[in-house]
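What follows is a single structure, written as structure tokens, with notes after it.
There are 2 protein chains.
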Amino acid sequence: MSESGVKLFQTWSSPLALRVVSALKLKGVKYETILEDLANKIPSLLQYNPIHKKVPVLVHGGNTMVESLVILEYIDEPWAVGYRLLPEDPYERSVTRFWAKFGDDRVFVSVWRAFFKEGKEQEEALLLALNNLRFVEEHIKRKRFFRGDEIGFIDLIFGCVANLLSILEEVAKVKILDPQTFPLLLAWIEVFSEVPVVKENWPPREKMIVKFKAIREYYLASN
Amino acid sequence: MSESGVKLFQTWSSPLALRVVSALKLKGVKYETILEDLANKIPSLLQYNPIHKKVPVLVHGGNTMVESLVILEYIDEPWAVGYRLLPEDPYERSVTRFWAKFGDDRVFVSVWRAFFKEGKEQEEALLLALNNLRFVEEHIKRKRFFRGDEIGFIDLIFGCVANLLSILEEVAKVKILDPQTFPLLLAWIEVFSEVPVVKENWPPREKMIVKFKAIREYYLASN
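If you read the protein sequences in the order shown, they are chains S and P.
Residue 18 in the UniProt record's numbering sits at position 18 of the first sequence; the count goes up by one each step and never skips.
Residue 186 in the UniProt record's numbering sits at position 186 of the second sequence; the count goes up by one each step and never skips.
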């Protein structure tokens with residue numbers, strides 16, 4: 001397979017699309033960006049992702065892929081040589097997939113819930129989020145990145161935490177990453193945020209705060 | 001890596017462990033079974049899977065893996081030659097991973113919800129489940145198995161549907177797989193259920209019905 005015709009559908013703010021942007025840049029894959037406006041979905045997005053109707057969508061040589069985790073695995077398949085996102089060793093690969101899944105299924109869901117609730121419900125969601133994040137804090141140990149000295153698959157998945165968490169904290173007025181409990185996660189966020197393929201694509205913080213304030217108000221009003 | 005020391009922690013009824021059992025048998029990997037009693041968790045399960053505390057857990061050469069999807073990917077890595085669960089082509093692999101994820105994140109969650117609810121809430125959950133299952137019906141087309149003539153990764157993932165759905169239908173007194181709407185899924189269930197590595201491990205239907213009646217009553221009473 002060639003690199004010809006790689007297209008990425010994304011929005012200016014999607015943290016899931018950001019995973020794919022950073023992955024493509026790390027791998028050195030050239031691609032074309034198609035910016036979607038999710039409030040006003042263009043027909044091509046619906047055509048490429050009729051089930052979830054969401055970005056990111058990757059098109060390569062006429063084939064379409066959706067779901068950021070699935071896309072990341074694809075990008076790391078041998079058609080795109082260069083930097084490896086997943087480790088070579090089968091066991092280490094399974095550890096990586098476990099943490100990626102734990103991030104998506106547990107950590108982000110619980111953080112998200114804490115963000116969209118108020119009062120007692122928020123307290124409960126927060127407890128669960130903190131509990132999940134404690135497992136991550138233990139796993140990261142004192143390494144620079146999740147797998148050691150180099151950025152990899154899990155870092156890109158947990159990029160959501162690096163990118164969004166302090167924004168959600170500010171908008172919902174909750175403190176999640178307390179420095180006493182999460183010194184290693186906070187250190188990782190600092191290191192991760194400075195990686196060029198991450199930093200150069202981060203959406204502007206002020207614009208994100210406006211966006212997430214509006215989302216939170218909308219959710220709270222409709223519950 | 002060698003096949004020495006492959007151990008699988010499972011229960012007599014876990015549909016997620018069944019995925020791994022069938023996969024190991026398809027690959028021809030010899031393994032030792034450790035039967036867990038989840039009502040009375042033995043310390044070794046808690047030690048091997050401290051985060052989720054659930055089966056299946058696979059131990060290979062001293063390494064521990066959890067999450068059936070992660071374990072299936074590992075089993076298909078090159079250490080275990082023989083039958084391939086995932087296709088060789090990177091794009092086909094990504095399609096496979098998409099459907100596996102869609103099964104776990106959408107289909108089974110919505111079917112499960114329909115099973116544990118009553119009245120209006122059940123009707124709503126059922127609508128969602130049917131909608132998700134319709135995408136699967138479309139995807140399967142007229143193939144014997146999800147990828148064609150041979151059993152593979154997606155079949156093992158959707159084994160839950162084959163194995164559990166008619167049991168849940170009977171216990172919750174709902175009809176989900178109507179032959180007019182889901183002729184292809186029903187045909188697939190029939191073919192899948194007759195594959196020896198599946199059939200020889202299925203838990204006895206009557207025992208499953210007793211178990212799921214008890215689970216449902218417990219959930220409904222505690223809500």
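Glycine included, C-beta positions come from ideal geometry on N, C-alpha and C.
For clarity, every value in this text was computed on a predicted model and none was experimentally measured.
{"Check": "Under 8 Å between C-beta atoms of TRP99/S and HIS139/S", "Outcome": "yes"}
{"Check": "Proximal residues of chain P, C-beta to C-beta of ARG97/S below 7 Å", "Outcome": "VAL70, GLU73"}
{"Check": "Proximal residues of chain P, C-beta to C-beta of ASN63/S below 7 Å", "Outcome": "TYR91"}
{"Check": "Bridge partner(s) assigned by DSSP for THR181/P", "Outcome": "Bridge partners of THR181/P: none, in fact."}
{"Check": "Contact list for LYS101/P against chain S, beta-carbon separation under 8 Å", "Outcome": "GLU67, LEU69, VAL70"}
{"Check": "Residue ranges of each alpha helix (DSSP H) within the region 22–82 of chain S, 4 or longer", "Outcome": "43–48, 68–75"}
{"Check": "Short-range partners of chain P found in the region 115–140 of chain S, where Cβ spacing is below 8 Å", "Outcome": "PHE135"}
{"Check": "For SER2/P, the three-state DSSP class (helix, strand or coil)", "Outcome": "Residue placement at SER2/P is flagged as unreliable, the pLDDT there being 46, under the threshold of 50; the coordinate-derived value follows with that caveat. Note: SER2/P maps to coil in three-state DSSP."}
{"Check": "Contact belief for ALA114/P with LEU133/P at Cβ below 8 Å, rounded distance in angstroms", "Outcome": "That belief does not hold up - the Cβ atoms of ALA114/P and LEU133/P are roughly 11 Å apart, past 8 Å."}
{"Check": "Nearest candidate by alpha-carbon position, reference PHE153/P, set GLU169/P, GLU217/P, ILE75/P, ASN131/P", "Outcome": "ILE75/P"}
{"Check": "Bridge partner(s) assigned by DSSP for GLN10/P", "Outcome": "LEU35/P"}
{"Check": "8 Å Cβ cutoff, TRP79/S in contact with chain P", "Outcome": "yes"}
{"Check": "ARG19/P to VAL66/P span [Cα, whole Å]", "Outcome": "13 Å"}
{"Check": "Cut-off 8 Å between Cβ atoms - residues of its own chain near GLU123/P, not counting five sequence neighbours on either side", "Outcome": "none"}
{"Check": "Boundaries of the alpha helix (DSSP H) in which TRP99/P is found, first to last residue", "Outcome": "90–102"}
{"Check": "Assigned secondary structure, GLY119/P (DSSP; H/G/I helix, E/B strand, else coil)", "Outcome": "helix"}
{"Check": "Identity of the residues DSSP links to PHE145/P by a beta bridge", "Outcome": "GLY148/P"}
{"Check": "Exposed unless 16 or more other CB atoms sit within 10 angstroms - verdict on PRO196/P", "Outcome": "exposed"}
{"Check": "From ARG142/S, VAL111/S, PRO15/S, LEU220/S, residue whose alpha carbon lies closest to that of SER68/S", "Outcome": "PRO15/S"}
{"Check": "CB contact check: ILE51/S to chain P, cutoff 8 Å", "Outcome": "yes"}
{"Check": "Classification of ASN40/P by the beta-carbon crowding that lies within 10 angstroms, buried from 16 upward", "Outcome": "exposed"}
{"Check": "Closer than 7 Å at the beta carbon, the chain P residues around SER94/S", "Outcome": "MET65, VAL70, GLU73, TYR74"}
{"Check": "Nearest to VAL70/P (by Cα), restricted to the options LYS120/P, ALA214/P, ALA17/P", "Outcome": "ALA17/P"}
{"Check": "Backbone secondary structure at SER110/P - three-state DSSP", "Outcome": "helix"}
{"Check": "Buried versus exposed, by CB contacts within 10 Å (16 or more), ASN223/P", "Outcome": "exposed"}
{"Check": "Exposure of VAL161/S, with buried meaning 16 or more beta-carbon neighbours within 10 Å", "Outcome": "buried"}
{"Check": "Beta-carbon proximity list for LEU130/P, same chain, < 8 Å, skipping 5 on both sides", "Outcome": "ILE176, THR181"}
{"Check": "LYS211/S in three-state terms, based on DSSP", "Outcome": "helix"}
{"Check": "Neighbourhood of ILE189/P by C-beta, 6 Å cutoff - its chain only, sequence neighbours within 5 removed", "Outcome": "ALA162"}
{"Check": "Chain S within 8 Å of PRO15/P, Cβ atoms only", "Outcome": "no"}
{"Check": "Spatial distance of ILE51/S from PHE9/S (CA atoms)", "Outcome": "15 Å"}
{"Check": "Straight-line gap, SER94/S to LYS25/P (C-alpha atoms, nearest Å)", "Outcome": "20 Å"}
{"Check": "Neighbourhood of ILE34/S by C-beta distance below 8 Å, restricted to the same chain and skipping five residues each side", "Outcome": "LYS7, LEU8, PHE9, GLN10, SER44"}
{"Check": "Collapsed DSSP secondary structure at ILE189/P in the structure displayed", "Outcome": "helix"}
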